[in-house]
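J.: In our numbering, the protein residues as written are 15 to 198.
The structure's right below; bear with me while I get my questions together.
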């Protein structure tokens with residue numbers, strides 16, 4: 015189970031609205047996963063095997079500082095301890111591998127921001143929060159790999175935030191994906 019030692023952060027956005035990032039129950043992520051990632055897809059697409067073992071974060075918009083408890087969930091991300099794909103480990107920089115190593119890795123999945131709140135920096139803040147969380151997790155330590163299977167359409171967004179593509183793209187359920195990672 016992933017620890018919840020760094021589970022709240024608040025950021026002031028340029029438009030004077032605030033964003034609060036905090037841990038949420040996995041069930042709270044499902045409506046946003048559904049709306050953004052699988053609007054016409056099967057219900058099963060929003061669930062991950064082992065969802066209950068992950069750590070889930072949400073970015074909440076505080077649009078009126080007079081009512082700081084009135085929060086709107088706008089973006090979600092789920093974290094799991096999950097090995098980096100072994101066939102891609104030889105591609106990792108500055109890591110010598112014989113093929114049998116188990117690298118410290120934190121995988122994020124089902125990262126989604128509601129369409130009306132995209133391109134406002136909310137997802138960027140949530141992503142940075144996750145990277146900082148991994149950096150602060152004493153069970154992981156330096157050299158931790160933070161990785162994901164990103165939709166090919168989001169590849170440039172992740173590259174701008176320091177991630178790299180590893181391996182070739184592939185298709186799953188008609189959607190093109192790439193494996194991306196950052197070593198912290």
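Glycine included, every Cβ here is placed at the ideal spot set by N, Cα and C.
All values derive from a computational prediction rather than experimental measurement.
Cα separation between residue 121 and residue 70?
T.: Residue 121 and residue 70: Cα-Cα distance of roughly 12 Å.
J.: Look up residue 194 in the DSSP assignment and give the residues it is bridged to.
T.: Its beta-bridge partners are 162, 179.
J.: In angstroms with no decimal places, state the Cα-to-Cα distance between residue 97 and residue 126.
T.: Spanning the two alpha carbons is a distance of roughly 22 Å.
J.: Which whole-angstrom value describes the C-beta separation of residue 123 and residue 141, a residue pair presumed to lie in contact below a C-beta threshold of 8 Å?
T.: The Cβ separation is near 13 Å, so there is no contact.
J.: For residue 54, count neighbouring C-beta atoms within 10 Å of its own C-beta (all shown protein chains included) and say buried if the count is 16 or more, exposed if not.
T.: Exposed, because fewer than 16 other Cβ atoms sit within 10 Å of the Cβ of residue 54.
J.: With DSSP collapsed to three states, give me the class of residue 274.
T.: Outside the shown range of the chain (15 to 198) lies residue 274, about which nothing can therefore be said.
J.: Given this structure, state the Cα-to-Cα distance separating residue 198 from residue 178, to the nearest angstrom.
T.: Taking the straight line joining both Cα atoms gives about 12 Å.
J.: Could you tell me which residues DSSP pairs with residue 69 in its beta bridges?
T.: Residue 69 is bridged to 93.
J.: What are the boundary residues of the alpha helix (DSSP H) that includes residue 149?
T.: Per DSSP, residue 149 belongs to the alpha helix (DSSP H) from 136-150.
J.: Who pairs with residue 127 in a beta bridge, going by DSSP?
T.: Per DSSP, 89.
J.: If you measure between the beta carbons of residue 72 and residue 38, is that distance less than 7 Å?
T.: Yes, they are a contact pair.
J.: Could you check the C-alpha separation between residue 49 and residue 100 for me, to the nearest Å?
T.: Going by the C-alpha atoms only, they are around 32 Å apart.
J.: Per DSSP, what kind of secondary structure is residue 54 in: helix, strand or coil?
T.: Looking at residue 54 - three-state DSSP - the assignment turns out to be coil, as it is neither helix nor strand.
J.: Identify the continuous alpha helix (DSSP H) that holds residue 170 and give its terminal residues.
T.: Taken as a continuous stretch (DSSP letters only), the alpha helix (DSSP H) holding residue 170 covers 169-173.
J.: Along the chain, where does the alpha helix (DSSP H) that runs through residue 46 open and close?
T.: Residue 46 -> alpha helix (DSSP H) spans 40-46.
J.: Taking the alpha carbon of residue 46 as the reference point, which residue from 196, 119, 188, 91 has its own alpha carbon closest?
T.: Nearest of 196, 119, 188, 91 to residue 46, Cα basis: 91.
J.: Can you round the beta-carbon distance between residue 181 and residue 193 to whole angstroms, since I take them to be within the 8 Å contact cut?
T.: That belief holds up - the Cβ atoms of residue 181 and residue 193 are roughly 5 Å apart, short of 8 Å.
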